[in-house]
Amino acid sequence: MIRVENLRKVYKVGDEKVVALDNISVKIEKGEFCCIVGTSGSGKSTLLNMLAGLEKPTKGKVRINGQLVSKMTEKELAKFRQENIGFIFQSYNLMPTLTATENVAFPLLFKGVDRDIREKKAKKILKEMGLGDRLNHKPGEMSGGQQQRVGIARAFVGRPNVIFADEPTGNLDSATTEQVMKMLLDISQQNNITFVMVTHDPELAQMAPRVITLKDGRVVSDMKDGVSLLEQDLIPEQENETEIISTQTADQ
Ligand SMILES: Nc1ncnc2c1ncn2[C@@H]1O[C@H](COP(=O)(O)OP(=O)(O)O)[C@@H](O)[C@H]1O
Ligand SMILES: [Mg+2]
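Here the sequence shown stands for residues 20 to 271, where the numbers follow our numbering.
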């Protein structure tokens with residue numbers, strides 16, 4: 020589903036080079052819920068931006084569904100994102116003058132869906148997310164948790180293959196954070212949507228089945244259901260053959 024090969028990103032700041040990502044290779048399967056975790060500056064946002072084609076790598080490749088995202092033109096990317104990708108933002112990025120229903124229906128406009136069907140789909144999802152009594156509210160008339168649920172509904176309404184989320188609970192209190200996280204896990208599982216979520220919070224990341232930890236632009240840990248996927252950890256333990264042979268020699 021998502022294939023990252025030897026990804027490297029170097030920023031030039033004045034005369035200095037900042038290596039934001041250093042030789043990253045990961046595979047994320049269809050329907051997987053993956054958290055990318057690490058301290059501030061470890062490269063999480065850079066990696067997510069690279070996956071979504073928002074930035075071009077210095078070296079390496081990103082493929083989604085077999086398509087080479089890292090080589091697409093802006094026009095190809097726009098179409099690809101429209102058809103395949105949903106985004107959830109830390110600051111919700113809802114349009115303040117539109118109602119919850121209108122915000123959620125908005126991405127369907129670009130897919131050429133008729134107005135009444137757009138509205139029907141948006142309302143259905145909002146009701147499923149427990150916002151049936153907020154359909155005509157504008158973002159300013161809702162709590163942070165409610166606004167983020169609208170943001171999730173908007174990301175999900177076009178049934179994308181992948182949803183990318185950068186610190187989606189970053190502006191929420193801890194109780195709401197847990198609710199929203201559970202909602203994301205449920206949606207991903209029920210709809211077989213691949214989720215890649217960035218967070219600086221290791222405890223939150225642990226709620227996900229797959230956790231990739233970055234440090235200084237490198238993958239330092241990659242755990243799926245508690246088992247390491249890092250190549251260096253996959254090498255089977257070596258049998259202690261030499262010792263057995265030497266014992267036999269001594270016996271002869
Ligand atoms: N546009 C940029 N120009 C220069 N340096 C950048 C830019 N974006 C990120 N960086 C640097 O790359 C590193 C990784 O940043 P980032 O991916 O934002 O980390 P995180 O999201 O984990 O906090 C940091 O050292 C940051 O300062
Ligand atoms: Mg970041």
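We put the CB at the ideal spot given by N, CA and C, even for glycine.
Computed from a predicted model, the values in this text were never measured in an experiment.
How would you label ASP133, buried or exposed, when you count the other beta carbons within 10 angstroms and need 16 or more for buried?
For the purposes of this step, residue 133 is identified with residue 114 of the sequence shown, where counting begins at 1. ASP133 comes out exposed.
What residue range is occupied by the uninterrupted beta strand (DSSP E) comprising SER240?
The residue given as residue 240 occupies position 221 in the sequence shown. Note, SER240: beta strand (DSSP E), 237-243.
Report yes or no: do three or more beta-carbon pairs, one from the segment 180-187 and one from the segment 101-113, lie closer than 8 Å?
The segment 180-187 is in contact with the segment 101-113.
Does the segment 189-198 come into contact with the segment 74-87, if we say contact requires no fewer than three beta-carbon pairs (one atom in each stretch) closer than 8 Å?
Too few Cβ pairs lie closer than 8 Å, so no.
Mapping the DSSP letters down to three states, classify ARG22 as helix, strand or coil.
In the sequence shown, residue 22 corresponds to position 3, counting from 1. Residue state, collapsed to three classes: strand.
Between THR77 and THR92, what straight-line distance do the alpha-carbon atoms span, to the nearest angstrom?
Counting from one through the sequence shown, the residue named residue 77 turns up at place 58. Counting from one through the sequence shown, the residue named residue 92 turns up at place 73. For THR77 and THR92, the distance between alpha carbons rounds to 16 Å.
Below 8 Å, can you find three or more Cβ-Cβ pairs linking the segment 45-61 to the segment 222-234?
The segment 45-61 is in contact with the segment 222-234.
How long is the line joining the alpha carbons of LYS63 and ASP34, rounded to whole angstroms?
The count along the sequence shown starts at 1 and reaches residue 63 at position 44. The count along the sequence shown starts at 1 and reaches residue 34 at position 15. The alpha-carbon atoms of LYS63 and ASP34 are separated by roughly 24 Å.
For GLN109, which three-state DSSP category applies?
Within the sequence shown, numbered from 1, the residue matching residue 109 stands at position 90. It is coil, neither helix nor strand.
Can you list, in chain order, the residues of its chain with a C-beta nearer than 6 Å to that of MET226? Leave out the 5 residues immediately preceding and following it.
Position 207 of the sequence shown, counting from 1, holds the residue named residue 226. MET200, listed in sequence order.
Please classify ASP241: is it buried, with 16 or more other beta-carbons within 10 angstroms of its beta-carbon, or exposed?
Here residue 241 is taken as the residue at index 222 of the sequence shown, counted from 1. Label assigned to ASP241: buried.
CA-CA distance, LYS143 and LYS31?
Taking the first residue of the sequence shown as 1, we reach residue 143 at position 124. Taking the first residue of the sequence shown as 1, we reach residue 31 at position 12. Near 47 Å, if we compare the C-alpha coordinates of LYS31 and LYS143.
Can you grab the Cα-Cα spacing for the pair GLU147 / LYS46, in whole Å?
Position 128 of the sequence shown, counted from the start, is the residue given in the question as residue 147. Position 27 of the sequence shown, counted from the start, is the residue given in the question as residue 46. Each residue's Cα considered, the two are about 31 Å apart.
Counting only runs of 4+ residues fully inside the segment 113-151, write out the alpha helix (DSSP H) ranges in chain order.
Entirely contained in the segment 113-151, the alpha helix (DSSP H) runs reaching 4 residues are, in chain order, 119-128, 134-147.
Out of curiosity, what's the CA-to-CA distance linking ILE136 and ASN112?
Here residue 136 refers to the residue found at position 117 of the sequence shown. Here residue 112 refers to the residue found at position 93 of the sequence shown. Distance between the alpha carbons of ILE136 and ASN112: 23 Å.
Using the beta-carbon count (16 or more within 10 Å), is MET216 buried or exposed?
As a position in the sequence shown, residue 216 is number 197, starting the count at 1. It counts as buried.
Could you tell me the alpha carbon to alpha carbon distance between ASN42 and LEU67, rounded to whole angstroms?
Mapped onto the sequence shown, residue 42 falls at position 23. Mapped onto the sequence shown, residue 67 falls at position 48. Distance between the alpha carbons of ASN42 and LEU67: 15 Å.
Considering only heavy atoms of ligand 2, does any lie closer than 7 Å to the CB of SER207?
The residue labelled residue 207 in the question sits at position 188 within the sequence shown. For ligand 2, not one heavy atom lies less than 7 Å from the Cβ of SER207.
First and last residue of the alpha helix (DSSP H) that includes LYS201?
Residue numbering aside, residue 201 sits at position 182 when the sequence shown is read from its first letter. Segment 193-210, the alpha helix (DSSP H) holding LYS201.
Assuming contact is defined by CB atoms lying nearer than 8 Å, are ASN155 and THR120 in contact in what I supplied?
Counting from one through the sequence shown, the residue named residue 155 turns up at place 136. Counting from one through the sequence shown, the residue named residue 120 turns up at place 101. Taking 8 Å as the Cβ cut-off, ASN155 and THR120 qualify as a contacting pair.
Can you give me the Cβ contacts of LEU248 inside the same chain, cut-off strictly under 6 Å, excluding the 5 residues immediately before and after it?
On the sequence shown, position 229 is the one that residue 248 refers to. Same-chain partners within the cutoff: ASP241.
If distances are taken between C-alpha atoms only, which option among LEU150, ASP252, ALA124 comes closest to ALA141?
For the purposes of this step, residue 141 is taken as the residue at position 122 of the sequence shown. With distances taken between Cα atoms, ALA141 lies closest to ALA124.
Compute the Euclidean distance between the alpha carbons of GLN209 and ARG173, then round it to the nearest angstrom.
For the purposes of this step, residue 209 is identified with residue 190 of the sequence shown, where counting begins at 1. For the purposes of this step, residue 173 is identified with residue 154 of the sequence shown, where counting begins at 1. Going from the Cα of GLN209 to the Cα of ARG173 covers about 17 Å.
Can the beta-carbon of PRO187 be found closer than 8 Å to that of GLN86?
Residue mapping note: residue 187 aligns to position 168 of the sequence shown, counting from 1. Residue mapping note: residue 86 aligns to position 67 of the sequence shown, counting from 1. No. Outside cutoff.
Going by DSSP in three states, ARG153 sits in which element: helix, strand or coil?
Along the sequence shown, one-based indexing puts residue 153 at 134. Reduced to three states, the DSSP call for ARG153 is coil.
Looking at LYS63 and ligand 1, is the gap between the Cβ and the nearest heavy atom below 7 Å?
For the purposes of this step, residue 63 is identified with residue 44 of the sequence shown, where counting begins at 1. True, at least one ligand heavy atom lies under 7 Å from that Cβ.
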